[in-house]
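Numbering (the numbering used here), first residue to last: 15 to 148.
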């Protein structure tokens, strides 16, 4: 079985709209990263295995299976896994008023995307028409 090649995105198209959860995630990520001090050294999490040494999610050196990739923490504060768990828990506890705000924001994003895509498609059609006329 061969994998299907993914179609490349055309230049000039806008990015897909974010859903309510993604908007919430982006805001909460900023808050969490700002609340963690820069010089906060992560402690060893204590995960142990007898395989191959690599970095664990907390930054301490532990033994893990080689098949697992190192977890990237570009800000060196918290792993994505821990961050996602915290934000997911916050999302589940979100009150209905704030949830409605995020859903409204996502709807606005969707409408903006639809408008931009229609504009882009019109521009592409016009360019094709001019090319055929030439």
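C-beta atoms are modelled at their ideal positions from N, C-alpha and C, and glycine is treated no differently.
**Message:** Spatial neighbours of residue 123 within its chain, please: C-beta separation below 6 Å, excluding the five flanking residues on both sides.
**Reply:** 31, 32
**Message:** Can you confirm whether the stretch 99-114 touches the stretch 21-29 when touching is taken to mean that 3 or more C-beta pairs between the two stretches lie within less than 8 Å?
**Reply:** no
**Prompt:** For residue 110, which three-state DSSP category applies?
**Reply:** Three-state DSSP puts residue 110 in a helix.
**Asked** Between the stretch 121-141 and the stretch 39-48, do three or more beta carbon pairs fall short of 8 Å?
**Response** Fewer than three beta-carbon pairs drawn from the stretch 121-141 and the stretch 39-48 are found closer than 8 Å, and the two stretches are therefore not classed as touching.
**Message:** Quick check: residue 34 and residue 116, are their CB atoms within less than 8 Å of each other?
**Reply:** yes
**Request:** Would you kindly report the start and end of the unbroken alpha helix (DSSP H) that includes residue 52?
**Result:** For residue 52, no alpha helix (DSSP H) run applies, since DSSP gives it neither H nor E.
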